[in-house]
Amino acid sequence: MYHSMLLLLHFSLLIINSSSELANPVLNKSFVANIELGTTWKNNSSLLHNERPDDYFSVRLIFPHPYATTRISVRPYVDSVRLFACGFFCAGLAANCDAYILSIFIINAFSDGAVLHLESPQVIWSANRNRPVSENATVQLTELGDLVLYDADGTLVWFTNTTNKSVVGMNLTESGNLMLLDHTNMEVWRSFDHPTDTLVTGQMLQLGQKLMASTSQTNWAKGKFYLTVLADGMYAFAGVDAPLAYYRSPTGGNITTNASAYIVLKNGSLEVFTSFRGTEAPDYQIRLPPDAYGMEFVRLDWDGHLRQYQWGDSSGDWDWVSSDVLDIADPCSYPLACGEYGVCSDGQCSCPDAALRQSGIFELIDPRELNHGCFLSDSLSCGSLQKARFLALPNTTRFNIVYNWTTNEGNCKLSCLDDCSCKVAFFLHRNNSSGFCFLASDTFSMISINAQSSSRNFSSYAFVKVQEHKPVLTKEKIVIALIVGSLTFFATVVVLVLIAIRNRSAEPLHGGDIIDQLPGLPTRFSFESLKLATGDFSRKIGAGGSGSVFEGHIGDKHVAVKRLDGINQGEMEFLMEVQTVGSINHIHLVNLIGFCAEKSHRLLVYEYMPNGSLDKWIFASHQAAPLDWETRLKIITDVARGLAYLHSDCRQTIAHLDIKPQNILLDEMFSAKVSDFGLAKLFDRDQSTIMTRLRGTPGYLAPEWLTSVITEKVDVYSFGIVVMEILCGRRNLDYSQPEESRHLVSMVQEKAKDDQLLDLIDSRSTDLELHLDEVFRMMNLALWCLQVDTSRRPSMSLVVKVLEGTMAIETDLDLDLVNIDLMVANRAARRNEMTLQIESILSGPR
Numbered sequence: 088m089y090h091s092m093l094l095l096l097h098f099s100l101l102i103i104n105s106s107s108e109l110a111n112p113v114l115n116k117s118f119v120a121n122i123e124l125g126t127t128w129k130n131n132s133s134l135l136h137n138e139r140p141d142d143y144f145s146v147r148l149i150f151p152h153p154y155a156t157t158r159i160s161v162r163p164y165v166d167s168v169r170l171f172a173c174g175f176f177c178a179g180l181a182a183n184c185d186a187y188i189l190s191i192f193i194i195n196a197f198s199d200g201a202v203l204h205l206e207s208p209q210v211i212w213s214a215n216r217n218r219p220v221s222e223n224a225t226v227q228l229t230e231l232g233d234l235v236l237y238d239a240d241g242t243l244v245w246f247t248n249t250t251n252k253s254v255v256g257m258n259l260t261e262s263g264n265l266m267l268l269d270h271t272n273m274e275v276w277r278s279f280d281h282p283t284d285t286l287v288t289g290q291m292l293q294l295g296q297k298l299m300a301s302t303s304q305t306n307w308a309k310g311k312f313y314l315t316v317l318a319d320g321m322y323a324f325a326g327v328d329a330p331l332a333y334y335r336s337p338t339g340g341n342i343t344t345n346a347s348a349y350i351v352l353k354n355g356s357l358e359v360f361t362s363f364r365g366t367e368a369p370d371y372q373i374r375l376p377p378d379a380y381g382m383e384f385v386r387l388d389w390d391g392h393l394r395q396y397q398w399g400d401s402s403g404d405w406d407w408v409s410s411d412v413l414d415i416a417d418p419c420s421y422p423l424a425c426g427e428y429g430v431c432s433d434g435q436c437s438c439p440d441a442a443l444r445q446s447g448i449f450e451l452i453d454p455r456e457l458n459h460g461c462f463l464s465d466s467l468s469c470g471s472l473q474k475a476r477f478l479a480l481p482n483t484t485r486f487n488i489v490y491n492w493t494t495n496e497g498n499c500k501l502s503c504l505d506d507c508s509c510k511v512a513f514f515l516h517r518n519n520s521s522g523f524c525f526l527a528s529d530t531f532s533m534i535s536i537n538a539q540s541s542s543r544n545f546s547s548y549a550f551v552k553v554q555e556h557k558p559v560l561t562k563e564k565i566v567i568a569l570i571v572g573s574l575t576f577f578a579t580v581v582v583l584v585l586i587a588i589r590n591r592s593a594e595p596l597h598g599g600d601i602i603d604q605l606p607g608l609p610t611r612f613s614f615e616s617l618k619l620a621t622g623d624f625s626r627k628i629g630a631g632g633s634g635s636v637f638e639g640h641i642g643d644k645h646v647a648v649k650r651l652d653g654i655n656q657g658e659m660e661f662l663m664e665v666q667t668v669g670s671i672n673h674i675h676l677v678n679l680i681g682f683c684a685e686k687s688h689r690l691l692v693y694e695y696m697p698n699g700s701l702d703k704w705i706f707a708s709h710q711a712a713p714l715d716w717e718t719r720l721k722i723i724t725d726v727a728r729g730l731a732y733l734h735s736d737c738r739q740t741i742a743h744l745d746i747k748p749q750n751i752l753l754d755e756m757f758s759a760k761v762s763d764f765g766l767a768k769l770f771d772r773d774q775s776t777i778m779t780r781l782r783g784t785p786g787y788l789a790p791e792w793l794t795s796v797i798t799e800k801v802d803v804y805s806f807g808i809v810v811m812e813i814l815c816g817r818r819n820l821d822y823s824q825p826e827e828s829r830h831l832v833s834m835v836q837e838k839a840k841d842d843q844l845l846d847l848i849d850s851r852s853t854d855l856e857l858h859l860d861e862v863f864r865m866m867n868l869a870l871w872c873l874q875v876d877t878s879r880r881p882s883m884s885l886v887v888k889v890l891e892g893t894m895a896i897e898t899d900l901d902l903d904l905v906n907i908d909l910m911v912a913n914r915a916a917r918r919n920e921m922t923l924q925i926e927s928i929l930s931g932p933r
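What follows is the structure in structure tokens.
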């Protein structure tokens with residue numbers, strides 16, 4: 088009854104018996120309500136919400152707002168309307184939800200004569216999918232014209248960045264487009280320009296924009312798949328750091344000159360334009376089934392399928408009905424055709440050990456649904472006493488492999504064994520000797536191919552890394568071992584005890600004992616306290632090669648808890664991070680609050696950085712408005728000061744060794760702090776160089792890594808890469824780009840030689856165009872940092888002086904920037920001795 092009263096309070100229901108109205112039920116235009124500046128909504132039950140507490144979803148509407156004179160035309164008991172609405176959508180369990188996403192959704196509304204019911208919501212756009220908010224979060228259209236989302240504790244989560252852009256109001260159109268308008272009703276900001284995973288009718292996906300799939304059916308954060316339109320057609324990619332295409336529309340656009348490619352959902356089809364010059368026909372068109380009820384959308388789902396959704400009769404029950412859109416004939420060509428670790432053969436799914444007639448190594452996630460994939464019975468653990476081995480799957484490959492380098496089978500497998508993040512090594516034999524290697528850190532499906540259909544000169548293998556088991560003892564072996572043991576036990580026990588007592592003070596320390604001996608440690612937490620602080624690790628905000636990061640609260644302190652996954656995984660990285668970060672303190676280095684070392688649990692507790700990592704703000708895949716010039720310059724300066732402190736102002740020189748945007752975190756004011764010291768190395772002041780194994784991330788490696796003899800100037804080189812990425816708005820290595828544009832440093836080299844560096848700046852930002860002199864100066868600073876000769880690179884202290892304006896940038900620079908190292912990280916390395924140096928392949932983002 089209470090819910091019914093709320094619905095009647097917020098909606099004045101108009102009952103119409105017109106048959107023409109029923110033939111094409113639509114939302115009255117009065118639903119589109121102009122919202123005034125200063126309006127605030129709080130996420131609680133005072134908002135209009137779905138009526139029944141036992142629904143499988145929870146929505147809270149802020150459109151139409153409570154004081155609007157909105158009416159919905161619905162005929163009771165007979166019909167319903169599907170309408171666009173804006174509000175909070177529950178991203179967790181609806182029964183007790185504390186994770187909401189500010190969304191636009193299509194929702195079905197019907198009347199039973201007394202109450203308006205809301206059902207079957209489908210989210211078509213979201214503002215904070217990677218960072219859900221809790222009960223009592225607020226949305227505000229500020230007096231300055233910015234739409235802002237705050238969490239319940241006041242943390243800024245999302246904003247439109249439209250302050251002082253003459254915004255006077257906001258509305259939601261009948262096509263589902265949320266818009267901010269100026270006094271002339273011109274659009275200042277619109278949700279259609281910031282797509283998430285869905286296109287609705289009339290919405291265009293412009294050149295370079297992306298539809299980013301969610302992580303899973305229950306996790307709304309950005310996942311592994313995205314759909315985009317490039318100059319030569321529509322592409323679907325899988326993967327995060329080095330995405331590979333698994334679909335391309337058969338179009339013939341001009342890859343070098345076209346700048347107006349787009350796709351649009353209209354007239355019952357998905358149309359791809361790559362040479363648009365007016366009102367001409369599309370280059371490629373995917374016809375969709377007609378929607379008799381006038382409401383459809385396409386969504387890139389978590390499994391990589393692009394699906395059309397229509398309201399229809401599904402087995403006698405009206406609901407959203409889906410159908411595949413992409414014309415991929417072979418079902419095995421989808422990256423998750425058989426789930427993670429699954430092997431697809433002619434559309435049939437199995438686990439890797441089944442193909443070899445072994446058992447017990449893998450288990451099906453769901454025995455009733457073979458396409459849901461497999462998981463290892465014993466998870467892989469880096470640093471454990473048990474070692475890894477391989478299951479060799481002949482005639483097995485994966486979708487669209489881009490092989491990393493030329494080598495032999497032994498080195499390919501050894502490289503995967505030495506790399507904690509490597510899960511599968513794919514090797515393409517050539518003439519039974521050398522071949523091509525690809526190391527996969529993800530676990531997409533594999534494809535079993537017909538041996539007779541493969542080339543006579545090539546054979547493809549997948550080497551799946553599994554945990555090596557200790558030998559199983561038979562009963563006879565156990566008996567023998569017990570007899571031998573009993574004969575020697577009494578003769579040795581006294582000696583062992585005496586030795587243990589004598590050398591007790593000299594025993595080596597391991598695990599938690601080592602940690603207890605480290606000086607100057609921060610607070611030590613119990614595992615249970617961190618489990619409670621993070622809500623049983625339910626709010627994941629990041630993940631990578633060595634662990635996951637969760638949001639939490641300890642008392643009134645907002646924290647980020649990094650958990651190293653797997654027993655003993657990353658033990659040395661953990662010890663290094665505790666010791667390094669626990670002993671230093673700087674405004675531009677992330678603050679380590681505490682840690683946990685309890686049994687197999689290894690966790691680090693950091694200060695919470697509400698704006699996340701830098702990569703989410705500078706690359707085109709992030710849907711927020713691009714950063715202005717002042718913010719970019721501030722971030723560059725902050726990172727430089729943090730690195731200068733590590734290199735020059737600590738008792739020992741600390742080389743970070745993994746500087747990249749993912750390891751640069753931003754606070755609420757966009758101040759930058761360097762994070763993740765798991766790969767750091769310490770130099771004594773009298774050491775000019777150190778020798779160490781290859782470590783870091785492809786795309787950010789200095790050339791001298793190939794010699795394994797490095798200085799702290801490897802950080803200077805990585806810093807130069809990051810500066811270029813900040814200025815250009817793209818990754819250094821981007822396999823989603825055309826081949827000639829995949830490597831940013833190569834493009835920088837050519838543009839620098841032609842004095843055309845400014846051609847590369849971030850085209851999304853008009854603000855950079857207003858500061859071209861300063862941008863050009865920063866590009867030249869990056870060139871200085873990217874010198875192949877380490878002696879010609881500046882120290883980070885000199886970089887800070889340049890940024891502070893007290894020192895000029897070196898002008899006599901070598902513009903030959905591309906080195907064989909970049910080829911190693913990209914696609915090929917030298918054979919023989921070069922291959923030996925890259926056997927320890929790099930970890931991914933942590």
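Numbered according to my numbering, the sequence shown spans residues 88 to 933.
We put the beta carbon where it would ideally sit given N, CA and C, even for glycine.
Rounded to the nearest whole angstrom, the C-alpha separation of V862 and L868 is 10 angstroms.
Taking the Cα positions, G622 is about 7 angstroms away from G639.
When rounded, the separation of the alpha-carbon atoms in V254 and T271 is 10 angstroms.
For L679, the closest of W704, G642, C436, D763 by C-alpha to C-alpha distance is D763. DSSP, reduced to helix, strand and coil, places G295 outside both helices and strands of the structure shown, so it counts as coil.
Note on geometry: alpha-carbon atoms of D319 and R335 lie some 9 angstroms from one another. Note on the segment 675-728: whole beta strand (DSSP E) runs with a minimum of 3 residues are 679-685, 688-694, in chain order.
Around the CB of A527, 16 or more other CB atoms lie within 10 Å, so the residue is classed as buried. The beta-bridge partner set that DSSP reports for M778 consists of V796. Around the beta carbon of Q445, fewer than 16 other beta carbons lie within 10 angstroms, which makes this residue exposed. Taking every protein chain shown into account, the CB of E123 has fewer than 16 other CB atoms within 10 angstroms, so this residue is exposed.
In this structure, DSSP gives T247 a state outside helix and strand, which the three-state scheme calls coil. In this structure the segment 417-430 lies against the segment 380-400, because at least three pairs of beta carbons, one per stretch, are closer than 8 angstroms. Bridge partners of Y333 according to DSSP: none are assigned.
Burial is judged here by how many other beta carbons sit within 10 angstroms of a residue's own beta carbon; F312 has at least 16 and is buried. Linking K129 to Y396 through their CA atoms gives a straight-line distance of about 31 angstroms. The beta carbons of L298 and W245 sit no closer together than 8 angstroms. Under DSSP, E450 takes part in a beta bridge, and its partners are F462. Here R455 is exposed: its Cβ has fewer than 16 other Cβ atoms, across all protein chains shown, within 10 Å. For the options K353, D406, W716, the alpha carbon positioned closest to that of F384 is the one of K353. DSSP links K760 through a beta bridge to L752. Boundaries cannot be given for N272, as no alpha helix (DSSP H) includes it and DSSP labels it neither H nor E. T315 counts as buried, since at least 16 other C-beta atoms from the protein chains shown sit within 10 angstroms of its C-beta. A647 counts as buried, since at least 16 other C-beta atoms from the protein chains shown sit within 10 angstroms of its C-beta.
Separation of the CB atoms of L814 and I777 is rounded to 31 angstroms, and the pair is thereby denied contact status at 8 angstroms. Contact check for C431 against S547 fails: the beta carbons are separated by 8 angstroms or more. Note that the C-beta distance between G783 and D745 is below 8 angstroms.
An exposed status is given to G125, since fewer than 16 other beta-carbon atoms sit within 10 Å of its beta-carbon. Exclusion of the five residues before and after I194 leaves A172, L205, P208 as the residues of its chain whose Cβ lies within less than 6 angstroms of its Cβ. In the three-state reduction of the DSSP assignment, H743 falls in the coil class. If you draw a 10 Å sphere on the C-beta of I741, you find 16 or more other C-beta atoms in it, and that means buried. Per DSSP, C499 is one residue of the alpha helix (DSSP H) stretching across 496-505.
For the pair S613 and L690, the Cα-to-Cα distance works out to about 10 angstroms. Residue pairing by DSSP places H136 opposite R147 in a beta bridge. The shortest C-alpha to C-alpha distance from Y322 to any of G310, I350, W307, A308 is the one to I350.
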